[in-house]
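First the structure, in the form of structure tokens, and then the observations on it.
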Amino acid sequence: GQQVMQIPQYQHVQEGEDFTTYCNSSTTLSNIQWYKQRPGGHPVFLIQLVKSGEVKKQKRLTFQFGEAKKNSSLHITATQTTDVGTYFCAQAGTALIFGKGTTLSVSS
Amino acid sequence: DVKVTQSSRYLVKRTGEKVFLECVQDMDHENMFWYRQDPGLGLRLIYFSYDVKMKEKGDIPEGYSVSREKKERFSLILESASTNQTSMYLCASRPPGQGLFLGQFFGPGTRLTVL
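One line per chain: the protein sequences are X and A, in this order. In terms of this note's numbering, the first sequence opens at residue 20 and continues consecutively. In terms of this note's numbering, the second sequence opens at residue 39 and continues consecutively.
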């Protein structure tokens, strides 16, 4: 079945550094959703991208959907300790197909 | 706010037991989902339901069944629990169709240990 591959699996940064996670598919995606899961918590919906080349921002978070709709990225500017967690991308259809996530750790 | 609740946060069962995991949502959502989450494997879909008494298999339905007798409640059943079903189980719901908001709302999860 269709899969979304997410890299890197883990990322450790110093507080204040930037962070990016990438989501890739071998086939065209109709849409992409991003979720954040804090340690010990459950996934929380962040955003959905639908249009080719779409860019959306939420404060320090920037989400992009590739022109070919085969990849997406989440970029965090100037990370804070509150950004710690696992970030998942997912293609939404009848159900979600999740990537395996990128776990971000931040040291102060 | 949408609320998705799960019957237990932690559960310990023995091999061979029948296990019921309950999920309730309060937003009248048609679509409900059961996932399991394991380290290194991410979230994998077990079953989903898009209406009362309707169910569809996800990626890993073996060893599980579900029940949707009421719109707000979606139950996951382990007919005969096995140690490889030790996992975090997450329930989710979402509204139907092409609404403005298509994200899924997740419950807090049930961490099941099968001994």
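Ideal placement from N, C-alpha and C gives every residue a C-beta, glycine not left out.
Using only the alpha-carbon positions, how far apart do residue i and residue j sit?
i       : j       : result
T39(X)  : C108(X) : 12 Å
N69(A)  : A87(X)  : 29 Å
N43(X)  : E34(X)  : 27 Å
K104(A) : K56(A)  : The question names Lys, but residue 104(A) is Val in the sequence shown. The straight-line gap from Cα to Cα measures roughly 13 Å.
Q25(X)  : P62(X)  : 16 Å
L123(X) : V32(X)  : 8 Å
E94(A)  : Q77(X)  : 34 Å
F112(A) : L140(A) : 19 Å
R82(A)  : L153(A) : 22 Å
Nearest chain A C-beta to residue i closer than 7 Å, yes or no?
i       : result
P27(X)  : no
P58(X)  : no
G120(X) : yes
H31(X)  : no
A114(X) : yes
Going by other Cβ atoms of all chains shown within 10 Å of its Cβ, with 16 needed for buried, is residue i buried or exposed?
i       : result
K119(X) : buried
G54(A)  : exposed
L93(X)  : buried
L79(A)  : exposed
Determine, for residue i, whether the minimum Cβ-Cβ distance to residues of chain X falls below 7 Å.
i       : result
G101(A) : no
P146(A) : yes
L140(A) : yes
So if DSSP puts residue i in a beta bridge, which residue, or which two residues, is it bridged to?
i      : result
M24(X) : N43(X)
T81(X) : K76(X) and H94(X)
Against chain X: residues of the stretch 66 to 87 of chain A by CB proximity under 9 Å: From the stretch 66 to 87 of chain A, only N69, F71, Y73, Q75, G78, L79, G80, L81, R82, L83 and F86 have a Cβ closer than 9 Å to chain X.
Proximal residues, the stretch 119 to 130 of chain A versus chain X, C-beta separation under 7 Å: When CB distances to chain X are screened at a threshold of 7 Å, the residues of the stretch 119 to 130 of chain A falling below it are L128, in chain order.
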